[in-house]
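Some notes on the structure that comes next.
There are 2 protein chains.
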Amino acid sequence: MRERWMPDARRTAVADAVGRLLMRGHGTFPGMREIAAEAGVTTGTLQHHFSTKEEMLLFALEHHCRRCADRLRAQSGEDARSPRQVLSAIVRALLPLDEERAAETSVAKAFMSHATTHPGFAEHYRAQREILLDLLREQFERADVPRPAVAATILSQAIDGMRTDCLLLGPDAVQIDAVLDQLLPRA
Amino acid sequence: MRERWMPDARRTAVADAVGRLLMRGHGTFPGMREIAAEAGVTTGTLQHHFSTKEEMLLFALEHHCRRCADRLRAQSGEDARSPRQVLSAIVRALLPLDEERAAETSVAKAFMSHATTHPGFAEHYRAQREILLDLLREQFERADVPRPAVAATILSQAIDGMRTDCLLLGPDAVQIDAVLDQLLPRA
DNA sequence: GCCGCTACATTACAGTCGTAATGGAGGTGG
DNA sequence: CCACCTCCATTACGACTGTAATGTAGCGGC
Chain F
1 MRERWMPDAR RTAVADAVGR LLMRGHGTFP GMREIAAEAG VTTGTLQHHF STKEEMLLFA
61 LEHHCRRCAD RLRAQSGEDA RSPRQVLSAI VRALLPLDEE RAAETSVAKA FMSHATTHPG
121 FAEHYRAQRE ILLDLLREQF ERADVPRPAV AATILSQAID GMRTDCLLLG PDAVQIDAVL
181 DQLLPRA
Chain L
1001 MRERWMPDAR RTAVADAVGR LLMRGHGTFP GMREIAAEAG VTTGTLQHHF STKEEMLLFA
1061 LEHHCRRCAD RLRAQSGEDA RSPRQVLSAI VRALLPLDEE RAAETSVAKA FMSHATTHPG
1121 FAEHYRAQRE ILLDLLREQF ERADVPRPAV AATILSQAID GMRTDCLLLG PDAVQIDAVL
1181 DQLLPRA
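So, in C-alpha cells, the structure goes:
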C-alpha cells in the first residue's frame, strides 16, 4: 500500500467530506466528482470503497449520527451537573453553532428530505429521535418535572425548530435559556 | 386563445403540480419534464410562463406560503373560540394531516433545504415565521400566559418538529393536546 | 518469475438536466 | 389580407449525472 490506513478510515474521511459539502454547499447532495475532490481522491476511489452512491450517503448519515449520539451521551453522563445544566448542554450540542455541528445538522436535514421515500432513512430518524427522547426524559425526571415524557417530546421538537432557525436565521435567533425556563421550573 | 384562463391561472396550476410532486415524491425538486407532465402541459409552456426554473420554484413557494398564511389567519380570526381552541386549530392547520397540508409541508421543507444558500428563500422563511409568531403570541396573550413571546417561540419551533415527525413517523407520532397542555395552563 | 490481490486512476457511456431555438396555431388590429 | 402578437409544442444542445469498464502500481505468497 502507498499509505497506511486503518480499516474504513477512507470511508469516514469521505463521510466527513460529504458533511462539509452539505454544510457549506446547497442543501442538495453533491455529485460524486465534487465529493471526490473534497475528499482529495478520485471517483474511482469512491467506487472502490462504496458499491453505490446511496450506500455512501447512508454511511455518511450513520457516521454523523454516531458522532452526534456519542457527544450527546457524553453530555448526559455528567451526573455531577444539574438537570438544567445537562439539558442546556444537550441542546447546545445539537445546535449548529460550530462547523462540526453545522455539518451534522446539514446532513440530518438533507437526509430528512429524502426520508419520506427511502424507509431506511426514516428508520434512522426514528432511532436517533428515540435516543434523544430518552436522554431528555431522564433529565426531566431528575428535575421532578410533572410530565417528563411530554416535556421531553416538546423539547426534542423545539430543538428541531431551533436547529433550522439557527441554520437559516443565525445563532442569535435561538434563546436556549428562555426555552428551558419555560419547560423547567426555575431552580 | 384556445381556452379561457384568468391571469396567472397557469402559474398557480404549475405551482400546485410542484407541490403535489414534492409531497408524494422524493424530497428533492422534480425536473422540468416531470413538472410539465404533472401539470398536464409541456416544458415549452413552463418556459413561456416562467423565465427560469428558479423563478418557478420561488413562485411555487410563495403560492403555498400564501395559501398557508391565509388559512392561518382564518383560524386566528375566529374570536369566538378560546385561545386554546384557536391554538389547537393553528397547529392542526400546519401539520401535514391531509394532502393539501402535506404538500405545503413538503414544499416548505424542500425550500428550507435550499434556503441556506439562496437568501431569497431564507427571507421567505423569516417572514412566514414572523407571521406565525405574531398569531401564536396573540393567543398566548389572550390566555394570560406569563411570557407569551417565549411560549410562542417554543410552540412555533415545536410545530417545526411536529411537522417532520408527522411527515416521517406518521400522524400518531404527534400529541397536539399534550403539547398545548404543557404550554398553556389547563382551562 | 509469476500469480493474485488490493487500491486506486482514467476513460467511456448512457441518461438526465435546464434551457435555447425554432415553428406553428389562433386571435387581433390595421 | 397581412403583419403581429400570445401561447404553446417540438427539437436540439451542451453540461452534468452515476456508474461500468479498463488499466496500473505496489505488495505478499510460492
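Protein chains in written order, with the numbering used here: chain F, 1 to 187; chain L, 1001 to 1187.
Glycine included, every Cβ here is placed at the ideal spot set by N, Cα and C.
Interface annotation, F:His64: not in contact with chain L, CB-CB separation never under 8 Å. Residue burial is scored here from C-beta neighbours: F:His114 has at least 16 other C-beta atoms within 10 angstroms and is therefore classed as buried.
Under a criterion of Cβ atoms nearer than 8 Å, the residues of chain F adjacent to L:Leu1167 are, in order, Thr116.
By the C-beta density criterion, L:Thr1105 is buried, having at least 16 other C-beta atoms within 10 angstroms.
When rounded, the separation of the alpha-carbon atoms in F:Phe29 and F:Asp144 is 43 Å. For L:Pro1148, the enclosing alpha helix (DSSP H) begins and ends at Pro1148 to Leu1169. Against chain F, the CB of L:Ser1156 has a partner CB under 8 Å away; the residue lies at that interface. Of the residues F:Val107, F:Ala74 and F:Gly19, the one whose Cα lies closest to the Cα of F:Arg92 is F:Ala74.
Close to F:Met112, with beta-carbon spacing below 9 Å, are these residues of chain L in chain order: Gly1027, Lys1109, Ser1113, Thr1164, Leu1167 and Leu1168. Between L:Gly1019 and L:Ala1060, the C-beta spacing is below 8 Å.
The Cβ neighbour count for L:Pro1096, taken over all protein chains shown within 10 Å, is at least 16; the residue is labelled buried.
Among the residues facing chain F, L:Val1018 is not included, as its CB has no counterpart in that chain under 8 Å away. At least one C-beta of chain F is nearer than 8 Å to the C-beta of L:Asp1160.
F:Pro96 carries a coil assignment under DSSP once its states are collapsed to helix, strand and coil. Only those residues of the stretch 143–154 of chain F whose C-beta falls short of 9 Å from the nearest C-beta of chain L are listed: Pro146, Arg147, Ala149, Val150, Ala151, Thr153 and Ile154. Looking at L:Ser1076, L:Ala1015 and L:Glu1099, the one whose alpha-carbon comes closest to that of L:Met1023 is L:Glu1099. In this structure F:Thr164 touches L:Asp1160 by the C-beta definition: roughly 6 Å separates them, less than 8 Å.
Between F:Leu168 and L:Ala1122, the C-beta gap is smaller than 8 Å, which places the two residues in contact.
The residue from L:Asp1016, L:Arg1126, L:Arg1010 and L:Ala1110 with its alpha-carbon nearest to that of L:His1048 is L:Arg1010. Counting other Cβ atoms within 10 Å of its Cβ, F:Glu38 reaches 16 or more and is therefore classed as buried. By the neighbour-count definition (other C-beta atoms within 10 Å, threshold 16), F:Ser51 is an exposed residue. At least one CB of chain F lies nearer than 8 Å to the CB of L:Ala1178. Taking a C-beta cut-off of 8 Å against chain F, the contacting residues of the stretch 1121–1139 of chain L are Ala1122, Tyr1125, Arg1126 and Arg1129, listed in chain order.
Runs of the alpha helix (DSSP H) lying entirely within the stretch 1005–1037 of chain L, each at least 4 residues long, are 1009–1024 in chain order.
Excluding five sequence positions before and after L:His1063, the CB atoms of its chain that fall closer than 7 Å to its own CB belong to Thr1012 and Ala1015, given in chain order. Assignment of L:Thr1042 by DSSP, reduced to helix, strand and coil, places it in the coil class.
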